Structures are given as structure tokens and as C-alpha cells.
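Q:
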Amino acid sequence: MDTHLADVWFELTDLQVSHGAGAVVTTTDGVDHLDLTSGIGVVNTGHCHPHVVEAIREQAGRFLHAQVNCYRHDRLEPLAARLAEITPDPIERFFLANSGAEATEAAVKLAKQATGRPHVIVFQGSFHGRTHLTMAMTTSKTVYRAGHAPLPSGVFVAPFPYTFLTGEDEDAAIDRCLREFDLLLRTQTAPSEVACVMIEPVLGEGGYVPAPTRFLHGLRDRCRDLGILFVADEVQTGFGRTGRLFAIEHHDLQPDVLVMAKGIASGFPVSAVGSSAELMRRWPTGSHGGTYGGNPMGCAAALATIDVMTEPGFLERAAAVGDRFRAGLDDLAARHPAIGENRNLGAMLATEIVDAEGTPDASRTAAILAHLLREERVIVMSCGPFGSTVRWIPPLVIGDDQVEAALAAFDRALAATG
Ligand SMILES: Cc1ncc(COP(=O)(O)O)c(C=O)c1O
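Residue numbers (this note's numbering): -8 to 409.
1. Tell me which residues pass a beta-carbon proximity test against ligand 1: closer than 6 Å to any heavy atom, given in chain order.
2. Would you kindly work out how many angstroms separate the C-alpha atoms of MET189 and ASP20, rounded to a whole number?
3. Should GLU196 and CYS374 be called a contact, given that it needs their Cβ atoms to be closer than 7 Å?
4. Among residues of its own chain, excluding the 5 on either side of ARG317, which ones have a beta-carbon nearer than 8 Å to its beta-carbon?
5. Going by alpha carbons, who is nearest to LEU70 out of ALA353, ASP322, ILE255?
6. Which residue from VAL371, ASP26, PHE1 puts its Cα closest to that of TYR135?
7. Roughly how many whole angstroms lie between the Cα atoms of ILE359 and THR408?
8. Can you tell me where the beta strand (DSSP E) holding ASP352 begins and where it ends?
9. Pull up the CB-CB distance for PRO81 and ILE239, whole angstroms please, since I reckon it's below 8 Å.
10. Given this structure, state the Cα-to-Cα distance separating ASP402 from VAL264, to the nearest angstrom.
11. How many Å lie between ARG73 and GLU348 at the Cα?
12. Please go through the stretch 228 to 305 and give each complete beta strand (DSSP E) segment of 3 or more residues, from N-terminal end onward.
13. Quick check: what's the CA-CA separation for PRO260 versus VAL250?
14. What alpha helix (DSSP H) runs, 4 residues minimum, are completely inside the stretch 306 to 348?
15. Going by Cα to Cα distance, which pick from SER278, GLU366, ALA12, LEU364 is closest to VAL44?
16. Any idea what DSSP makes of ARG177, helix, strand or coil?
17. Could you give the distance in angstroms between the alpha-carbon of PHE237 and the alpha-carbon of LEU142?
18. At the level of alpha carbons, what is the spacing between PRO201 and LYS253?
19. Pick out the complete beta strand (DSSP E) segments inside the stretch 105 to 175, 3 residues or longer, and give them in chain order.
20. Pull up the distance between the alpha-carbon of ALA268 and that of PRO275, whole angstroms please.
21. Classify PRO201 as helix, strand or coil using the three-state DSSP reduction.
22. By DSSP, does ARG365 sit in helix, in strand, or in coil?
23. Would you mind reading off the limits of the alpha helix (DSSP H) that contains VAL394?
24. Applying the criterion that 16 or more other CB atoms from any shown protein chain within 10 Å of the CB defines a buried residue, is ASN89 buried or exposed?
25. Considering Cα atoms alone, identify which of LEU398, GLY234, ASP173, SER144 is closest to ILE370.
26. Is it right to say THR133 is buried, meaning 16 or more other beta carbons lie within 10 angstroms of its own, or is it exposed?
27. Enumerate in chain order the residues of its own chain whose CB-to-CB distance from HIS410 is below 7 Å, with the five nearest sequence positions on each side excluded.
28. Please report the distance separating the alpha-carbon of THR296 from that of SER29.
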């Protein structure tokens, strides 16, 4: 195709779209598609939620940009106060940026400054971004790293309990991973050199694998004992995706640092790093920043998004979407041996596609996604190290009829590709 756009962008579909509403995007030639990507976990309130659109419209007439170092606009403090209300304790102060990678990287900078320590521990299969540091922290697929060496040093990778791949039962996997974590601290980096541990409460790009509660608590306890900061990367799990505002709330666990992006502003590029005031004070003034972080348009979009998500019933509805989707997937698993496993936390769902031997089947997965797109007008992505995990990320405002339509389409796609 004749284009002036960079080739580096991977394309899930060749659709040219003109507008979106709720769970539907419409092509320039007028064909509706059900969007089960939510723009990769961003439009949790649906495409163009009217309250968010209105807030952006109103803000656009007053300020497009009011740079935070130059002056403080009237949406900034209210957004920080609102984030303090909705995030788990002890999170109460916020640094604002634009993308997930910027925020995860900023969280590491905060952790280094606050502890005076140089290293970070992440987990096998994690995805924290595509800048040089966050690439070094990303091990979901080699494609993100290959050709970019040398990557920054000081990043250590511990195992994550992905039982579908290892065939262990959950307890055995947790025990092994915690043992390996302890060994890493004896053999690769001394605890006194580790600023933070960063973890996704549900492994995202790496396979949509929920971290078990006992694993998270095991890590949290070790961090507390060793003076290491525990950072939850809730870029993809946050803002209602798992049926709670933040996935960490499922585990009764307090992070030292919380990283947010994607769903925070329904599509406006906003990200945030939150911590206690005491921790934030240890980040020297002027040592970090950015031209656009805290932009008034983004703040207005985030405030409106939080309004929508804290309306009575919104999160219950998100959880119900996850339950309904999961029940339908389990019905399909009973009839289609290609489904090796379904799993979910709220509306963050995964289906492992396998061949007759039970091994991950990337080509069948690709055929299923192609069938869903071409024959059913349903847009779905894969994830996981083999590209054989179907990931379902419906907008949380999706209708029951749309969930049923998606499941029926998946049923036909499985039958057509068998
Ligand atoms: C858990 C997680 N962290 C960080 C990122 C990076 O976010 P961005 O693509 O906005 O830089 C992503 C993106 O998918 C993510 O899922």
C-alpha cells in the first residue's frame, strides 16, 4: 500500500475506521465491527463515552495545554485528589505522564531516588514498555528486544507462575517461583542493591495470567523485610478491567508504588505514578518531569472517566461481563478440544489454543482471529509467548447481546478452523 507511515507498526487488522461508539467501531465504508480489544485495554468506558467526550470539549475551549512547571491549571489538583480517593492505601501523591512506558520508567526512577539503590527485579513474561529501560524490563516476546541491544543493565528477571505452560499445580508453581526469587537475591543481586520489584497483577502481553494471591503476598513480604519497594504495574489491569478499580484490590495488598495508564482517561494519553507522600518527597524536585504530563485535556478526560467508573453499578457490571464471558468460554471448552484453558480476572480473559497434543497452536490461533475478523466482524488480539493465547478485552460497557454474539462467533470460528 502507498503510505507515508512507518513500517515499524505491527497491524492487527487492515481496517480503516472512521468512528466508534461503545463496543463498536465503524469502518470508513460503513461496516460495524465489534471491538474486543478496547484499543488494547484503553477504552474501558467504551469508545467515545458521552461524559468523557463532553469533558474534553469543555476543556478544549479553555486550555489545550497549561504546562505544569510554568503554572498549575484548575484540573490538576482535583485529578490528584480524585486519584488519592480511588487508589489503595498508602497511595496519595501522583506524578503524571503520557504513556505506560513513561510511567513504569518514572516509577523506577522514583524507586532509585527514594532508596539510593540501583537495581530492579521484574518477572518472566512481563511487559512494561518499549523505551530502552522498559524494553530491558520486558520479556513477553523477544521481538520487543531483538536488534536493540545493548539494553540498560541492572534489570533482573524472576520466574512467574504460568501453570498452563509448566504443567505444575498452582501451589508447586508458587513455591518454586518464590524459591527462585530468593535464590536470585543470593546469586545475582544483593537485596541491598534492589530499589524495587515491579509486577503486573495479571501478566498482560505475556499471556493474561493472573498472579496468585500467595505469590504476590510472598513477594510483598520479602520486599518489606528487605527495604525493596513493591511496584504494581496496573497499566493494563487498572481502571475497572478486573471488576475492581485496581487488580491489586483482589489480593488485600498494599503496593508502595502504583503505575496507571491506558484506561485512566478513556483514550486520552495520560499515565500516572502514585505513592505515599513520604516516598514522593524523596524524589528530588526537578530530577524528573515532562512537557505534557498533567496536560489539562488529559486531566479533564481522566476526571470524567473516574466519574463514570465510580457511578453505582459500573464496576459490578464490569465483573458481570467477565463472569458471563467466562461462563460462555467454558461452555465452548466442553465442545472444542482446541481450548486448552480459559482463565480470567474480571473482564481480562484468556483462552489458550492448543493442537491435538495439547501444545500451543499459534497457526490455529491466527486462523481463528482471521475468521473472526473477516467472517464475523469481531476484532480480537492474541498474546503470550507463542501467540497462541486469545485475549478478550471487551469494553466494560459491552451489552449482554454483544457478549453472546462474540461467543457465538468464536464457536463458529473454532468449528471453521478445526
Ligand atoms: C502492563 C503494561 N505496562 C506498560 C505498558 C506500556 O504502555 P504504553 O504502550 O502506553 O507505553 C503496557 C502496554 O501495553 C502494559 O500492558
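All residues carry an ideal CB built from backbone N, CA and C; glycine is no exception. Quick caveat, the model's predicted, so the values are computed rather than measured.
A: Reading off the structure:
1. Result (chain order): ILE31, SER90, GLY91, ALA92, THR95, PHE118, HIS119, GLY120, GLU191, GLY195, GLU196, ASP224, VAL226, GLN227, ALA252.
2. Start at 1 with the first residue of the sequence shown, and residue 189 comes out as number 198. Start at 1 with the first residue of the sequence shown, and residue 20 comes out as number 29. Pairing MET189 with ASP20, the inter-Cα distance amounts to about 44 Å.
3. Reading the sequence shown from its first residue, position 205 is the one you call residue 196. Reading the sequence shown from its first residue, position 383 is the one you call residue 374. Cβ distance < 7 Å, so GLU196 and CYS374 count as in contact.
4. Counted from its first residue, the sequence shown places residue 317 at position 326. Answer for ARG317: ASN333, ASN335, LEU340, listed in chain order.
5. Looking up residue 70 in the sequence shown gives position 79. Among ALA353, ASP322, ILE255, the Cα nearest to that of LEU70 is on ILE255.
6. As a first step, residue 135 is located in the sequence shown; it is residue number 144 there, counting from the start. Closest option to TYR135, Cα to Cα, is PHE1.
7. Looking up residue 359 in the sequence shown gives position 368. Looking up residue 408 in the sequence shown gives position 417. Distance between the alpha carbons of ILE359 and THR408: 6 Å.
8. Counting from 1 along the sequence shown, the entry for residue 352 is found at position 361. Taken as a continuous stretch (DSSP letters only), ASP352 belongs to no beta strand (DSSP E), as it is neither H nor E.
9. What you label residue 81 is simply residue 90 of the sequence shown in a count that begins at 1. What you label residue 239 is simply residue 248 of the sequence shown in a count that begins at 1. Their Cβ separation, rounded to whole angstroms, is 12 Å, which puts PRO81 and ILE239 out of contact at 8 Å.
10. Mapped onto the sequence shown, residue 402 falls at position 411. Mapped onto the sequence shown, residue 264 falls at position 273. Computed Cα separation, rounded: 41 Å.
11. In the sequence shown, counting from the first residue as 1, residue 73 sits at position 82. In the sequence shown, counting from the first residue as 1, residue 348 sits at position 357. Going by the C-alpha atoms only, they are around 51 Å apart.
12. The stretch 228 to 305 contains these whole beta strand (DSSP E) runs: 248 to 251, 262 to 266.
13. Taking the sequence shown and counting its residues from 1, the one referred to as residue 260 is at position 269. Taking the sequence shown and counting its residues from 1, the one referred to as residue 250 is at position 259. Rounded to whole angstroms, the separation of the alpha carbons of VAL250 and PRO260 is 14 Å.
14. DSSP runs (the alpha helix (DSSP H)) wholly in the stretch 306 to 348: none.
15. The residue given as residue 44 occupies position 53 in the sequence shown. Looking at the Cα atoms, ALA12 is the closest of the given residues.
16. The sequence position of residue 177 within the sequence shown is 186, counting from 1. When DSSP states are grouped into helix, strand and coil, ARG177 belongs to the helix group.
17. Residue numbering aside, residue 237 sits at position 246 when the sequence shown is read from its first letter. Residue numbering aside, residue 142 sits at position 151 when the sequence shown is read from its first letter. Here the alpha carbons of LEU142 and PHE237 stand approximately 30 Å from one another.
18. Stepping through the sequence shown from its first residue, residue 201 is reached at position 210. Stepping through the sequence shown from its first residue, residue 253 is reached at position 262. Those two C-alpha atoms are separated by around 18 Å.
19. Listed in chain order, the complete beta strand (DSSP E) runs (minimum 3 residues) inside the stretch 105 to 175 are 110 to 114, 146 to 149.
20. Your numbering for residue 268 matches position 277 in the sequence shown. Your numbering for residue 275 matches position 284 in the sequence shown. One C-alpha to the other measures close to 13 Å.
21. Working through the sequence shown from its first residue, we reach residue 201 at position 210. Correct three-state label for PRO201: strand.
22. Here residue 365 corresponds to residue number 374 of the sequence shown, with the count starting at 1. Helix, per DSSP.
23. Sequence index remark: in the sequence shown, residue 394 carries index 403 (1-based). Annotation for VAL394: the continuous alpha helix (DSSP H) segment containing it runs 391 to 408.
24. For the purposes of this step, residue 89 is identified with residue 98 of the sequence shown, where counting begins at 1. Taking all protein chains in view, the Cβ of ASN89 is crowded by 16 or more other Cβ atoms within 10 Å, so the residue is classified as buried.
25. What you label residue 370 is simply residue 379 of the sequence shown in a count that begins at 1. Comparing Cα positions, the closest option is LEU398.
26. The residue you call residue 133 lines up with position 142 of the sequence shown. Around the C-beta of THR133, fewer than 16 other C-beta atoms lie within 10 Å, and the residue is accordingly described as exposed.
27. The requested residue 410 is not part of the displayed model; the chain covers only -8 to 409.
28. Residue 296 sits at position 305 when you count from the first residue of the sequence shown. Residue 29 sits at position 38 when you count from the first residue of the sequence shown. Using only the alpha carbons, I get a separation of about 15 Å.
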